[in-house]
Amino acid sequence: MRYSNTSQPHIVHKVQNSTASIIMTAIATLGSHCSLQVLKGAKDEGLKTILVCEKKREKLYKRFPFIDELIMVNSFKEVLNQKCQSILEENDAVLIPHGTLIAQMSSDEIESIKTPVFGNKRILRWESNREMKEKLMREANLPIPISVSDPKDINSLVIVKRQGAAGGKGYFLAANEDDYNTKRNQLISDGIISKDETLYIQEYAAGVLAYLQFFYSPLKEELEFFGVDQRHESDIEGLARIPSEQQLKTNKVPSFNVIGNSPLVLRESLLDEVYNMGENFVKAAKKLVSPGMNGPFCIEGVYDENAKFTSFEFSARIVAGTNIYMDGSPYYTLLFNEPMSMGRRIAREVKTAVESNQLGKITT
Ligand code: ATP
-16 MRYSNTSQPH IVHKVQNSTA SIIMTAIATL GSHCSLQVLK GAKDEGLKTI LVCEKKREKL
44 YKRFPFIDEL IMVNSFKEVL NQKCQSILEE NDAVLIPHGT LIAQMSSDEI ESIKTPVFGN
104 KRILRWESNR EMKEKLMREA NLPIPISVSD PKDINSLVIV KRQGAAGGKG YFLAANEDDY
164 NTKRNQLISD GIISKDETLY IQEYAAGVLA YLQFFYSPLK EELEFFGVDQ RHESDIEGLA
224 RIPSEQQLKT NKVPSFNVIG NSPLVLRESL LDEVYNMGEN FVKAAKKLVS PGMNGPFCIE
284 GVYDENAKFT SFEFSARIVA GTNIYMDGSP YYTLLFNEPM SMGRRIAREV KTAVESNQLG
344 KITT
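Reminder that position 32 of the sequence shown reads as 15 in the working numbering, one-by-one numbering, no gaps.
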């Protein structure tokens, strides 16, 4: 391993792993969320791999031999710096966006990235803004829970959310206006949410959680259904493990902070509707936010007792729930005769686009 002694950001070359790739394009991503899966998939496709790595995580990421190069930074925001972007440009890198990019940068910052971003970077603004998100979901005809614009109008169980991809942290349930104010004030005094933060209130949808993962290929003009996961959230799940007597005695506001994911397969009779929802979403995105929903995305919601799906959220990029299928998912086993993770599927699309001179079609 070779260290450069330039000022930040600097590169750590892992020379022994730089396998000669026929295609010069590199896959780059931020070191967090699903970066291991993304870079392993890229390496499996014979592409060079680059990780933008925060110093505090260097030890972790150096454990993985499929990462060719680490760009060391103090904070992910440095990806916006000229120096970091030049390194990516020299490598003809395509940047794969994920939840950490959205959580740590504003939509304006993301849109200012010069490095080609896989998929549609402009749709990430629609993911981060609750009103735009709702507009796109309506256009896609997704059955969404009613949103409540004024806490005074809360008359059934609601979930209160923060803007952007907060991963459920600081979210809370409320049954009426008083309940809302008490919990909001408590979270403000605990420093979890700020006083002037605009919160989004939505009717609570009860049922079996299902996060439907898709990939839309603009090259093939085809939608693929990849898999389903469930999120495990703390400490709302912890609360369900204690008897109601103890639940009633606690003052703590339970959060929906995601801790991990587990796999789920659906009743086969639900699949047709799943494809329809995915296709409607792709169609709506094409109409509202050019060039549309290219690459991986996820429609998130619950199935009720009549197997009716209600969708409370979408992610317009790879979700961390795909990490459970690093060796391929049950549904991709039906489409590919080789282990195909979402990370590898992305790299395959990049490779195909480079080979056919269509990189502009899959990046923004
Ligand atoms: P991410 O961007 O990481 O997916 P997020 O911060 O945008 O997350 P949501 O996915 O909207 O947050 O919500 C977080 C969690 O809250 C969900 O996983 C789900 O458990 C719960 N949740 C959100 N909306 C609803 C709803 N309307 N009804 C029931 N549960 C909900």
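Note that CB positions come from ideal geometry on N, CA and C, so glycine has one too.
These numbers come from a predicted model, not from an experiment.
Secondary structure of Cys67, DSSP reduced to three states: When DSSP states are grouped into helix, strand and coil, Cys67 belongs to the helix group.
Gln20 (DSSP reduced to helix, strand or coil): helix
Alpha-carbon spacing of Asn306 relative to Lys166, whole angstroms: 33 Å
Ser245 - containing beta strand (DSSP E), residue span: 239 to 247
Identified DSSP bridge partners for His215: Gly243
Coarse secondary structure for Pro134, derived from DSSP in three states: Helix at Pro134.
Delimiting residues of the beta strand (DSSP E) encompassing Tyr194: 191 to 200
Closest residue to Leu125 among Glu256, Tyr315, Val77, Asn340 (Cα-Cα distance): Glu256
Straight-line gap, Gly14 to Gly151 (C-alpha atoms, nearest Å): For Gly14 and Gly151, the gap between their C-alpha atoms comes out near 21 Å.
DSSP-derived helix/strand/coil call for Val62: helix
7 Å CB neighbourhood of Ser245 in its chain, flanking five on each side removed: Asp212, Gln213, His215, Ile307
Cβ contact check for the region 67 to 81 and the region 96 to 112: 3 or more pairs under 8 Å: yes
For Arg145 and Leu182, the rounded distance between their alpha carbons: Distance between the alpha carbons of Leu182 and Arg145 is about 5 Å.
Entirely enclosed alpha helix (DSSP H) segments - the region 157 to 182, minimum 4 residues: Listed in chain order, they are 160 to 172.
N-terminal and C-terminal residue of the alpha helix (DSSP H) that Lys334 is part of: 325 to 338
CA-to-CA distance, Val(-5) to Ala223, given in whole angstroms: Between the C-alpha atoms of Ala223 and Val(-5) there is a straight-line separation of about 46 Å.
Close-in-space but distant-in-sequence residues of the same chain around Gly190 (CB under 6 Å, 5 per side omitted): Val285, Tyr286, Asp287
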